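Comments concern the structure below.
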Amino acid sequence: MDKVALTAAGLYVIVLLRAGGTFAVGWLAGAGARRGRLAERISTAKFRRAERAIQRWGAPVVAVSFLTVGFQTAANFLAGSMHMPLSRYLPALFVGGAAWALVYATAGIGALEVLARLFAEQTAMGVAAVTALLLMMVCGAMVHRRRKAGSTDRAAAADES
Numbered sequence: 640m641d642k643v644a645l646t647a648a649g650l651y652v653i654v655l656l657r658a659g660g661t662f663a664v665g666w667l668a669g670a671g672a673r674r675g676r677l678a679e680r681i682s683t684a685k686f687r688r689a690e691r692a693i694q695r696w697g698a699p700v701v702a703v704s705f706l707t708v709g710f711q712t713a714a715n716f717l718a719g720s721m722h723m724p725l726s727r728y729l730p731a732l733f734v735g736g737a738a739w740a741l742v743y744a745t746a747g748i749g750a751l752e753v754l755a756r757l758f759a760e761q762t763a764m765g766v767a768a769v770t771a772l773l774l775m776m777v778c779g780a781m782v783h784r785r786r787k788a789g790s791t792d793r794a795a796a797a798d799e800s
């Protein structure tokens, strides 16, 4: 079997379980998600944006959310908490999940093949590329933490005034 097809099939199973599980948790949480400890987590701008989009456009938002980063979990959880009918959710899950699996399988295998070729032909360049990727990830995480801490500080200051 072709390695892209095998990888995509594996990723498809993973995304169906993960996104379907997120939908199920949202379904079970239902209205309770808007009260208590979860209410604070789902009152973020990302969740509010996802909820408005799902209310307006429905299942296509869930399908397209698989091609985004960070919006997918919010869309699946909110679709569940809003009790989107399974007859609308499942087709969106199957189509969006398939698109996600194909994109990640082809891009992932392509990136690994480029790195393998780079390591085989120019080991120093391969090490430099991996080091640069790791440094970018660390810097991105640090920037994200600082921004998150800054927004928390601003929100706390606004609450005090």
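Per my numbering, the sequence shown runs over residues 640 to 800.
Every residue gets a Cβ at the ideal spot worked out from N, C-alpha and C, and that includes glycine.
Quick caveat, the model's predicted, so the values are computed rather than measured.
Rounded separation between residue i and residue j - CA only
i, j, result
"Trp666", "Val734", "20 Å"
"Ile653", "Arg727", "21 Å"
"Leu774", "Ser704", "28 Å"
"Ala744", "Leu706", "13 Å"
"Met781", "Val708", "18 Å"
CB contact flag (residue i, residue j, <8 Å)
i, j, result
"Leu650", "Ala750", "no"
"Leu732", "Val701", "yes"
"Thr661", "Gly719", "yes"
"Ala768", "Leu754", "yes"
Per-residue burial, residue i [other beta carbons within 10 Å of its own, 16 or more giving buried]
i, result
"Gly736", "buried"
"Met776", "exposed"
Selected residue, minimal CA-CA separation from residue i, among the options
i, options, result
"Val664", "Ala692, Thr712 and Arg687", "Thr712"
"Ser790", "Ala684, Ala689 and Arg657", "Ala684"
"Arg688", "Gly765, Ala759 and Phe716", "Phe716"
CB contact below 8 Å: residue i versus chain C
i, result
"Val643", "The chain inventory of the structure shown lacks chain C, comprising one protein chain alone."
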